[in-house]
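Asks: Right, I'll just put the structure down here and ask away after.
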Amino acid sequence: MPGRTVSKRKRNRTRIVGAVAAVAGASLVLAACGSTNDTGATSAEGGGGSGKVGVILPLLTSPFWQSYNDYVPKMADSEGVDALKTVNSNSDPSQQITDINNQLNQGVKGLVVAPLDSAAIEAGLDQAERKGVPVVAVDVAPDKGKVAMVVRANNVAYGEKACQYLGEQIPSGKVVQIMGDLASVNGRDRSEAFRACVKKNFPKLKVLEIPAKWESDAAASKLDTLLNANPDIKGIYMQAGGVYLAPTLQTLKSKGMLKKAGQAGHITIVSNDGIPQEYDAIRKGEIDATVSQPADLYAKYGMYYIKAAMEGKKFEPGPTDHDSTIVELPSGILEDQLPAPLVTKDNVDDPKLWGNTVK
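Listed below in structure tokens is the structure:
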């Protein structure tokens, strides 16, 4: 999803216009007096960034979201945001709309929401817009509706990285992708990218698919059925280790198919999330790689952008100085695409990975 970059003319104008303000705790520098800086941020009149902020989670059954939940109060404090206790929508898109309305009725001045359904979330976003409450979306971009920013990693890259890794390890044969919910742009991006990459670059691989909707029970039962019919599977791509890791390993183990890396019959497995459990599985040789989705940075920049939105600041597409790029999505929504590195046995012990800092 390429985005427009800030032009040299704008950059030069910024240098001439003058005064800039450093924003504590954030790695973006915002230009004052309505000018635009190298990171694409502008300053406008706002409410001063004060007031309560509601934070709505999609679920808490995944170790990834449990980690994000733990980071929220820490990052809110470091960014100077007065965040209320998080609310769990428990994997129910309709409940998430109710949760948004409940937070708005409590008088919050900002919302940080991780949407469950890219389309359904529009109803909640419309309610917030009517009340003049800015919203930052985390992890999932809405199809429609107004948000100040989407804080997310490039999910197309997730599918492509998984494809490249499996393709380099497996010359031919059957591979499975255990997909997320296709009602979520994340599930769609990862699935379509993986499928397209295999077709283009590794035509000797045959992709089998399991639609599991981010549900561990669905993943286990459907994988069991698929393996009965296809015992010659050579690779698996799990789109969410937080919910698919345990059931996948248990299913393989129950069938005598869980072989460690280097052993005959080992099934090459790539995951997404970067949770500590995945790292342990890599160290044990049970899986081979994962893409580290930045739970810590989701919380940090979710708080940063909601504070900026409450202050009336605006952003434009272009590079940031925290190793990411703000892009404009086809819908016109802006998204800060944070880095998400591939983790293998070669770098699994890197202390910079957030999954190695969780106790």
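Numbering (full-length UniProt numbering), first residue to last: 1 to 359. Built from N, CA and C at the ideal position, the CB exists for glycine as well. Everything numeric in this text was worked out from a predicted model, so none of it was measured.
So, does the segment 290-310 touch the segment 73-80, judging by three or more C-beta pairs under 8 Å?
Replies: Contact between the segment 290-310 and the segment 73-80 is present, because at least three Cβ pairs lie under 8 Å.
Asks: Under the rule that 16 or more other beta-carbon atoms within 10 Å means buried, what is G167, buried or exposed?
Replies: Reading the sequence shown from its first residue, position 167 is the one you call residue 167. Under this definition G167 is a buried residue.
Asks: Rounded to the nearest angstrom, what separates G318 and A229 at their Cα positions?
Replies: Here residue 318 refers to the residue found at position 318 when the sequence shown is read from its first residue. Here residue 229 refers to the residue found at position 229 when the sequence shown is read from its first residue. Taking the straight line from one Cα to the other gives about 48 Å.
Asks: Of the residues I97, P247 and W354, which one's Cα is nearest the Cα of residue 360?
Replies: A question about residue 360 goes unanswered here, because the residues of the chain that appear run from 1 up to 359.
Asks: What are the partner residues of N105, as DSSP defines its beta bridges?
Replies: In the sequence shown, the residue the question calls residue 105 occupies position 105. Looking at the DSSP assignment, N105 forms no beta bridge with any residue, so it has no partner.
Asks: What does a CB cutoff of less than 7 Å around P63 pick up in its chain, not counting 5 residues either side in sequence?
Replies: Here residue 63 is taken as the residue at index 63 of the sequence shown, counted from 1. Correct list, in chain order: G242, I275 and Q277.
Asks: Return the Cβ separation of K307 and E79 in integer angstroms, given the expectation that the two are a contact with Cβ distance under 8 Å.
Replies: On the sequence shown, position 307 is the one that residue 307 refers to. On the sequence shown, position 79 is the one that residue 79 refers to. That belief holds up - the Cβ atoms of K307 and E79 are roughly 6 Å apart, short of 8 Å.
Asks: Per DSSP, residue 361 is paired with what?
Replies: In the structure as shown, the chain starts at 1 and stops at 359, and residue 361 therefore has no counterpart that could be examined.
Asks: Measuring straight from C-alpha to C-alpha, what distance separates A340 and L104?
Replies: Residue 340 sits at position 340 when you count from the first residue of the sequence shown. Residue 104 sits at position 104 when you count from the first residue of the sequence shown. Each residue's Cα considered, the two are about 32 Å apart.
Asks: What does the Cβ neighbour count give for P142, buried or exposed, with the cut at 16 atoms within 10 Å?
Replies: On the sequence shown, position 142 is the one that residue 142 refers to. So P142 ends up on the buried side.
Asks: Do S216 and T61 have their CB atoms nearer than 9 Å?
Replies: As a position in the sequence shown, residue 216 is number 216, starting the count at 1. As a position in the sequence shown, residue 61 is number 61, starting the count at 1. Yes, the pair counts as a contact, with Cβ atoms nearer than the cut-off.
Asks: Helix, strand or coil: which one does DSSP assign to P231?
Replies: Along the sequence shown, read from residue 1 onward, the residue named residue 231 stands at position 231. It is coil, neither helix nor strand.
Asks: Taking Cβ positions, are D139 and V151 nearer each other than 9 Å?
Replies: If you number the sequence shown from 1, residue 139 lands on position 139. If you number the sequence shown from 1, residue 151 lands on position 151. Yes.
Asks: Among all the DSSP beta bridges, which residues are the ones paired with A137?
Replies: Within the sequence shown, numbered from 1, the residue matching residue 137 stands at position 137. A137 is bridged to V113 and V150.
Asks: Between the segment 179-191 and the segment 204-220, do at least 3 Cβ pairs fall closer than 8 Å?
Replies: Output reads yes: the segment 204-220 touches the segment 179-191.
Asks: Could you give the distance in angstroms between the alpha-carbon of P294 and the alpha-carbon of W354?
Replies: Along the sequence shown, one-based indexing puts residue 294 at 294. Along the sequence shown, one-based indexing puts residue 354 at 354. For P294 and W354, the distance between alpha carbons rounds to 7 Å.
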